Structure formats: C-alpha cells, structure tokens
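*Asks:* Per full-length UniProt numbering, the sequence shown starts with residue 1, numbered consecutively. The structure that follows is given in the form of structure tokens.
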Amino acid sequence: MLKPSISYQPGSSRTLISTKADFELSRTMSSCLRLQLALGVLVLALTGVTVRGEVYTALAEMEELLETESVLISNLEGYIRVQEDRLSYLKK
C-alpha cells in the first residue's frame, strides 16, 4: 500500500500530496515531452529538406530569367545601334 506524504505550507491554501504513483506520472509526462520534442525536431528537419528543394527550383527559374534578360538586352542594344545609324544618316 502506498503511503502518501503530505506537506502543508502555512498561509497557503494548497496541500501537496505526493506518492510513488505521482512520481511515476511525472516520469511518464517527462517521457511524453521528450517524445514530442523529438517529433518536433523531426518535422522541422523534414520541412527543411523541402524548403531546400524549393530554393533549388527557384534558383533554376532565376537562371532561366537571367538568360532571357541577356537576350532582351542584346536585342535592345542592336535596335539602339540601328536607330542611331538611321539618325546619323538623317542628320547628313
């Protein structure tokens, strides 16, 4: 049979009753908290892998965008050259 130990603090309305069962409950809760923490870390780790994949995809799309920008700049420079030649011809 478990004997509870009772502690009373004067001026307090709380009485603390602790038994071996309370200690076991505390250990079980502690184990549950550790398990929750481990699962939380696992979820964060798996989410991190997904985020890195999305960053890689975004970088690939940015490279394609830079190539398109390069082509547009080349075409614009060619157009400006043609228009400058035309303007210089008209000035003569």
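Built from N, CA and C at the ideal position, the CB exists for glycine as well. Since the structure is predicted, the reported quantities are computational estimates derived from the model, not experimental observations.
In whole angstroms, give me the CA-to-CA distance for methionine 1 and threonine 28.
*Replies:* The predicted position of methionine 1 is uncertain, since its pLDDT is 47 and thus under 50; a value taken from the coordinates is nonetheless stated next. Those two C-alpha atoms are separated by around 21 Å.
*Asks:* Alpha carbon to alpha carbon, what distance is there between glutamine 36 and glutamate 67?
*Replies:* Cα to Cα, glutamate 67 sits roughly 47 Å from glutamine 36.
*Asks:* Does any C-beta atom of chain D lie closer than 8 Å to the C-beta of threonine 68?
*Replies:* Checking the listed chains, one finds no chain D in this structure; it contains a single protein chain.
*Asks:* For a test of the three-state rule: what should DSSP assign to lysine 91, helix, strand or coil?
*Replies:* Residue state, collapsed to three classes: helix.
*Asks:* Look at the alpha carbon of threonine 47 and the alpha carbon of threonine 57, and state the distance between them as a whole number of angstroms.
*Replies:* Taking the straight line joining both Cα atoms gives about 16 Å.
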